[in-house]
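These notes are about the structure you will find just below.
Number of protein chains: 2
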Amino acid sequence: MLWSGWGDPAKARELPAKVRELLHDLLGVRAPRGPAATLESVRLPPVGLPSSSLDGLAAITGAEHVLTSHEARVRHTRGKSTPDLLRMRAGDGSDAPDAVVLPGSHEEVAGLLGLCARERIAVVPFGGGTSVVGGLAASRAGFTGVIALDLARLDRLRSVDAESMVAEFEPGVRAPDAERLLAAHGLTLGHFPQSFEYATLGGFAAARSSGQASAGYGRFDDMVVGLTVATPSGTLDLGRAPKSAAGPDLRQLVLGSEGVFGVITSLRLRVRRAPAERIYEGWRFASFAAGTAAMRALAQEGPLPAVLRLSDETETVIGLAKPDAIGSSGGSGCLLIAGYEGPPAAGRRVAARAVLTRMGGEPLGEEPGEVWERGRFSAPYLRDSLLAAGATVETLETAGFWANLPRLYDAVRLSLLGALGTAPPPLVMCHVSHVYETGASLYFTVVAPQEDDPVAQWERAKTAANAAIVEAGGTISHHHGVGRDHREAYAAELGPVGVAVLQAVKARLDPAGILNPGVLIPVPGR
Amino acid sequence: MLWSGWGDPAKARELPAKVRELLHDLLGVRAPRGPAATLESVRLPPVGLPSSSLDGLAAITGAEHVLTSHEARVRHTRGKSTPDLLRMRAGDGSDAPDAVVLPGSHEEVAGLLGLCARERIAVVPFGGGTSVVGGLAASRAGFTGVIALDLARLDRLRSVDAESMVAEFEPGVRAPDAERLLAAHGLTLGHFPQSFEYATLGGFAAARSSGQASAGYGRFDDMVVGLTVATPSGTLDLGRAPKSAAGPDLRQLVLGSEGVFGVITSLRLRVRRAPAERIYEGWRFASFAAGTAAMRALAQEGPLPAVLRLSDETETVIGLAKPDAIGSSGGSGCLLIAGYEGPPAAGRRVAARAVLTRMGGEPLGEEPGEVWERGRFSAPYLRDSLLAAGATVETLETAGFWANLPRLYDAVRLSLLGALGTAPPPLVMCHVSHVYETGASLYFTVVAPQEDDPVAQWERAKTAANAAIVEAGGTISHHHGVGRDHREAYAAELGPVGVAVLQAVKARLDPAGILNPGVLIPVPGR
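Structure follows, in structure tokens:
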């Protein structure tokens, strides 16, 4: 993974001329300021942990699994939000951990948490490092130091129960490896978020990830039937049945907890048979309202395609549903991508097409679907190129009930347009890519010319959007999580009693407060 | 509701001669000891609450909504488990509340909790009073007194959002009233547990109820998209979107909390269009194993009927799937009931029939399905008649993953046979009535000749079954809940860290510990 951007540097590409023209003509984007920092030039704080602590960590994992090199620390600094990338490109490594520790078992994780609690060392659980909400930048205040607890060595498929259709994984398995390991059994998770190529199963669970085929396979939290969690106060082992009436579902307290209660060391996941066929196709709707009505009909009356994604008018015109073909296609109205995976993809497709047609959709054939599919993981690469070209570009998302969706859509759009100025106005695009019977997500992409301080520029926009989401009654995140960036908005969404509940759980499981401090939960008394 | 049994006394029926013969010949059941107590003769403890407290309660709700009459107290004593009924029939009202209080609003509930916390009055939230796990018998120790907080006055459908398919209800709405109110909008919840005729929506949520059509409509916890909860520490208002990645899902902490954290005062529920047709039919499988394999195929590959219920060999022979026809039908093998509700019931039925046929099922036509449907809520009436006839009869249930189901089935059966003796052996019957991709529920019905102390007799059996469920890796309840009867087994299932989490949440939301003391959560330090 590129330390200062996304993905495999070999896959980085020059922006097509059309996109450069777009940036210049539409947004007045100028060339960027000077070159980005090199990895070697990133400024890191000195390693603050005493050598006795480093020795203690090494005694648990073996010295070869405690890294304090410049490169290891840089590669575990923050996540992959635009402000994260901008800070790294500016050579700012101030959030770097003192050390990177790679445990090899549940017992080693438990041992590390015990040591860190005793020595007041903050612990940032680290999977794929793909957080886009500041989930990997712990508060140092009050701690001896900070370690990144990298789960990369916990990378095994432990067991497959083909009768129950449950697979047990360690948390550090990356999504492509999980699919490869399952494919040997003819199985799949069907979880394909945009972070697919790098993110880990533990991270998906800890942050309640949702993939592009969520309509067909469910969100990641739907797939989790069991969890083992190492906490500073002992081990939680949850999930004796698919569903239970034995009290509150504590699995749902761990899911979305972003490492602040404990470290997931094992996941039991519902798996599916790998689909024999996949068909993706495009549809055009006259308006975003008409397209969302069609999605709602599919979600409420069925049948639901595995993939369902609708671009609004602006995103359609720009062609963002097809990142590899951006600026070259587009067209009027709103592009909808529907994907069928099966068997029985064919039968389901026939029924879904009838609904889409009835709701005013115009079929565009499989070409737009195939283009979307080829580019489904490439948007983060595009962001890197746009940032390098002098644009400020970032995404944010929310979800709400169907009846509230138009209000939420307008509120977020207006907040971004208001915060980012009008000379020229930024490009604000939106798509719906996750639907439920009662509502859906909204995913916004924003492109604006970079100001002199692009981090401050985006923070201004993000603050406005967060406030708009809270005020308009949406949730602050449908699938990105909370991290630091959504913490205050999350507290507003949850209310003081809800926050108090999380703080009580945190105090019980992590009394020293070492786990991911500053993330998710507002600190009591502030 | 009959104070000492189930339902409408007018619907009570004599046992058919065939059942009497069965009881006598198979189990050696003798006539019962003397007549049951009358309502008037039930022995109640004196009202322990000082009049100043009663005045305080009345100041919040109005004096007419604070009841201390003998009848009101008897009618709010315990729930509807067999031990509950046996104790009431013996005139034992020792668990009666001092007073029954009926709040008329969220604010009144909040006010009552505040008063009770200040004056150390235990509060038992009371919906339909149908708990079968001791969920309504609070510990008195350390409290000034106990009130039943009857939510019957909170009985309104507040709003219907037909676009989002969400209806907002007050918690005291009984299930038949909810269906009647929704039917006026062409909608349904589709939640039909055996307690349907009396239980309330708040109770369904607080105890994670699951209905007979759960395969089609989901469990009740699947239907809840939002909750308002009055706690002694303030109000929780949860659920801004169908799904969210904004932290842990605190709705799932309230669901199943059985009133120990707070009182649900509003529920936002996902609703469906009322089905245009309902078809129920019977199938015969050669064995329980063959039948469960067919259910598993439907759950994992689809299509899933709305109702899916498989009796084991013993339950089939006795005819328990058809309570109105018990003893008269039966037959060999295992009876499966499949129900389709739609549209499109017909298409789904064709596809499901193909799977059932492929898996070895023999179609029996609609008659067995219709007989099941007519008797779907009558089993509790049958229990009353059997108890009166001198049998000890009760049900219990669990759930597990498919691969573990045979082990769980054997363990529970053997524990019951072992605990209840062999001269003659009790009748232990089982059915599967809730299926998931990864597993299913097991629901046992036990009939034995009454011993001199039938309460002790059943407690012996129940203790053995609880231990067997924990040891065999099942959950202690799929849909009955925890109450007092499953509390210790639940703690074993959850482990000490899980229990500590619940205790921490309880201490934060209900620091005086007034809410349903003794239910769900083991008391710390014991």
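Chains A and B are the protein sequences, given in the same order.
This note's numbering applies: residue 1 is where the first sequence begins, and numbers increase by one.
This note's numbering applies: residue 527 is where the second sequence begins, and numbers increase by one.
Think of the CB as a built atom: it goes at the ideal place given N, C-alpha and C, for glycine as much as any other residue.
9 Å Cβ cutoff, residue i in contact with chain A
i	result
residue 1024 of chain B	yes
residue 764 of chain B	yes
residue 784 of chain B	yes
residue 963 of chain B	yes
residue 960 of chain B	yes
residue 936 of chain B	no
residue 862 of chain B	no
residue 854 of chain B	The predicted position of residue 854 of chain B is uncertain, since its pLDDT is 49 and thus under 50; a value taken from the coordinates is nonetheless stated next. By this cut-off, residue 854 of chain B is not an interface position.
residue 781 of chain B	yes
residue 773 of chain B	yes
residue 761 of chain B	yes
residue 966 of chain B	yes
residue 1046 of chain B	yes
9 Å Cβ cutoff, residue i in contact with chain B
i	result
residue 305 of chain A	no
residue 252 of chain A	yes
residue 231 of chain A	yes
residue 517 of chain A	no
residue 243 of chain A	yes
residue 277 of chain A	no
residue 64 of chain A	no
residue 509 of chain A	yes
residue 110 of chain A	no
residue 225 of chain A	yes
residue 5 of chain A	no
Cβ of residue i within 9 Å of any chain E Cβ
i	result
residue 273 of chain A	Protein chains A and B are contained in the structure displayed, whereas chain E is not.
For residue i, the nearest candidate out of the options (CA to CA)
i	options	result
residue 284 of chain A	A/272, A/478, A/315, A/142	A/315
residue 564 of chain B	B/556, B/600, B/538	B/600
residue 155 of chain A	A/102, A/140, A/165, A/190	A/102
residue 578 of chain B	B/783, B/1032, B/592, B/630	B/592
residue 562 of chain B	B/544, B/556, B/552, B/613	B/613
residue 372 of chain A	A/113, A/309, A/506, A/421	A/309
residue 339 of chain A	A/278, A/50, A/405, A/402	A/278
residue 473 of chain A	A/497, A/405, A/64, A/204	A/405
residue 917 of chain B	B/892, B/541, B/527, B/588	B/541
residue 636 of chain B	B/716, B/760, B/617	B/760
residue 423 of chain A	A/18, A/22, A/20, A/29	A/29
residue 653 of chain B	B/647, B/662, B/646, B/645	B/662
residue 341 of chain A	A/273, A/484, A/223, A/438	A/273
residue 934 of chain B	B/953, B/968, B/731, B/677	B/968
Counted within 10 angstroms of its Cβ, other Cβ atoms place residue i as buried (16 or more) or exposed
i	result
residue 43 of chain A	exposed
residue 531 of chain B	buried
residue 883 of chain B	exposed
residue 328 of chain A	For residue 328 of chain A, the predicted structure reports a pLDDT of 49, less than 50, and the residue's modelled location is therefore unreliable. A value from the coordinates is still provided. Residue 328 of chain A is exposed by the Cβ-count criterion.
residue 343 of chain A	exposed
residue 410 of chain A	exposed
residue 537 of chain B	exposed
residue 376 of chain A	buried
residue 70 of chain A	exposed
residue 118 of chain A	exposed
residue 1034 of chain B	buried
Of the residues that make up the segment 150-169 of chain A, which ones have a beta carbon closer than 7 Å to any beta carbon in chain B? Listed by position, the residues of the segment 150-169 of chain A near chain B (Cβ gap below 7 Å) are 161, 163, 164, 165, 166.
Contact set between the segment 391-403 of chain A and chain B, restricted to residues whose Cβ is under 7 Å from the partner: Residues 399, 400, 401, 402, 403.
Curious, which full-length beta strand (DSSP E) runs of at least 3 residues does the segment 181-245 of chain A contain? Counting only runs of 3 or more, we get 224-231, 234-238.
Please list the residues of the segment 1000-1030 of chain B that have a C-beta atom closer than 9 Å to any C-beta atom in chain A, keeping them in chain order. So the list reads 1000, 1001, 1002, 1003, 1004, 1005, 1006, 1007, 1008, 1012, 1015, 1016, 1019, 1020, 1021, 1022, 1023, 1024, 1026, 1027, 1028, 1029, 1030, given in the order they occur along the chain.
Contact residues within the segment 813-830 of chain B, judged by C-beta distance below 7 Å to chain A: Listed by position, the residues of the segment 813-830 of chain B near chain A (Cβ gap below 7 Å) are 826.
What residues from the segment 121-132 of chain A come within 7 Å of chain B, judged by C-beta to C-beta, listed N to C? Cβ contacts with chain B: none found.
Mind listing which residues of the segment 191-209 of chain A have their C-beta closer than 9 Å to chain B's C-betas, in chain order? Shown in chain order are the members of the segment 191-209 of chain A whose Cβ falls below 9 Å from a Cβ of chain B: 207, 208, 209.
Can you check the segment 840-924 of chain B for any beta strand (DSSP E) of at least 3 residues that lies completely inside it and give the ranges in chain order? Within the segment 840-924 of chain B, the runs of beta strand (DSSP E) at least 3 residues long that lie entirely inside it are, in chain order, 860-868, 888-891.
Where in the segment 543-569 of chain B do unbroken runs of the alpha helix (DSSP H), each at least 4 residues long, occur, reported from the N-terminal end onward? Whole alpha helix (DSSP H) segments, 4+ residues: 543-553.
Residue ranges of each beta strand (DSSP E) run of no fewer than 3 residues wholly in the segment 793-821 of chain B, ordered along the chain? Counting only runs of 3 or more, we get 803-811.
Extract the residue ranges of the beta strand (DSSP E) inside the segment 582-666 of chain B, only unbroken runs of 3 or more that lie entirely within it. Every beta strand (DSSP E) of 3 residues or more that sits fully in the segment 582-666 of chain B is shown, in chain order, as 625-627, 647-652.
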